[in-house]
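**Q** Under the numbering used here, the sequence shown is numbered contiguously, ending at residue 153.
We put the beta carbon where it would ideally sit given N, CA and C, even for glycine.
Every value quoted in this text rests on a predicted model; they were computed, and no experiment measured them.
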Amino acid sequence: MKPQFIAAIAFAGSALFATQAFSFEPAFPRNPKVFAKLDVDSNGSITIEELKPKAEKRMLRLDSDKNNEVSTVEIDVYLQKRLEQQRNRMLVSMDADKNGAITVAELDKFIEAMFNDADANKDGGVNPQEARDYRIAKIRKTPAKATAN
Numbered sequence: 005m006k007p008q009f010i011a012a013i014a015f016a017g018s019a020l021f022a023t024q025a026f027s028f029e030p031a032f033p034r035n036p037k038v039f040a041k042l043d044v045d046s047n048g049s050i051t052i053e054e055l056k057p058k059a060e061k062r063m064l065r066l067d068s069d070k071n072n073e074v075s076t077v078e079i080d081v082y083l084q085k086r087l088e089q090q091r092n093r094m095l096v097s098m099d100a101d102k103n104g105a106i107t108v109a110e111l112d113k114f115i116e117a118m119f120n121d122a123d124a125n126k127d128g129g130v131n132p133q134e135a136r137d138y139r140i141a142k143i144r145k146t147p148a149k150a151t152a153n
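1. Excluding the 5 residues preceding and the 5 following Ser97 in the sequence, name in chain order all residues of the same chain whose CB lies nearer than 6 Å to its CB.
2. Would you identify the three-state DSSP class for Val81, choosing helix, strand or coil?
3. Can you give me the C-alpha to C-alpha distance between Ala25 and Ala105, rounded to a whole angstrom?
4. Do you know offhand how far Glu60's Cα is from Lys85's?
5. Do the region 27 to 36 and the region 51 to 67 make contact, defined as three or more Cβ pairs closer than 8 Å?
6. Would you kindly work out how many angstroms separate the C-alpha atoms of Val130 and Pro36, rounded to a whole number?
7. Can you tell me the Cβ-Cβ gap for Ala141 and Glu134, rounded? I've got them flagged as a contact below 8 Å.
8. Please list the terminal residues of the continuous alpha helix (DSSP H) segment that includes Lys61.
9. According to the Cβ coordinates, are Ala110 and Asp99 closer than 9 Å?
As C-alpha cells, this is what we get:
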C-alpha cells in the first residue's frame with residue numbers, strides 16, 4: 005500500500021473520528037458548553053482556580069499507579085490505546101469487506117456516504133453549518149467502543 009494512501013486514510017480517519025482529543029494537555033475549551041462547565045461560578049470567565057482542579061483530575065486519569073505523577077510509560081499506554089481505538093473505528097467504518105484493509109474504492113464509498121449524509125439541503129455542497137451538524141450527529145451516534153476484526 006502506498007504511503008500517501010495510508011496517510012490520506014489516517015488523516016481522513018483522524019479528521020472524521022476525533023471525538024475526543026488524544027491529548028490530556030490543559031487547554032482552554034473551544035466549545036461553549038464545555039466552557040460553561042468549567043465556569044463554576046457562571047460569571048462568563050474561567051479563573052485559574054476553576055481550571056486547575058479540572059486539568060489535574062483529567063491528567064491524573066492517566067496515573068495508573070496512583071503516585072500523583074504521570075510517567076512516560078503511562079502516557080504511552082494511554083496513547084497506544086487511543087491509537088488502537090482510532091484504528092478500529094476506521095476499519096469498522098471504512099473496511100466494507102472486513103478484510104483488515106481499506107481500499108481506495110472503500111474510502112471513496114465512505115466519503116460519498118459521509119458527504120450525502122452531511123448535505124442536509126441536498127444542494128451538492130456542504131456548508132459550515134451542515135458540517136457542524138453532521139459532526140454533532142456522528143458524535144451522538146458513535147458507540148462507546150468500536151471493534152474491528
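**A** Walking through what the data contain:
1. Cβ neighbours of Ser97 beyond the five flanking positions: none.
2. In the three-state reduction of the DSSP assignment, Val81 falls in the helix class, which pools H, G and I.
3. At Ala25, the pLDDT of 47 sits below 50, so the modelled position is not reliable; the number obtained from the coordinates is stated separately. Whole-angstrom Cα-Cα distance: 25 Å.
4. Rounded to the nearest whole angstrom, the C-alpha separation of Glu60 and Lys85 is 21 Å.
5. Put simply, the region 27 to 36 touches the region 51 to 67. At least three CB pairs are less than 8 Å apart.
6. One alpha carbon belongs to Val130, the other to Pro36, and they sit about 23 Å apart.
7. About 10 Å separates the Cβ atoms of Ala141 and Glu134, ruling out a contact at the 8 Å cut-off.
8. Lys61 -> alpha helix (DSSP H) spans 52 to 64.
9. A small correction: the amino acid at residue 110 is Glu; Ala does not occupy that position in the sequence shown. Going by C-beta atoms, Glu110 is nearer than 9 Å to Asp99.
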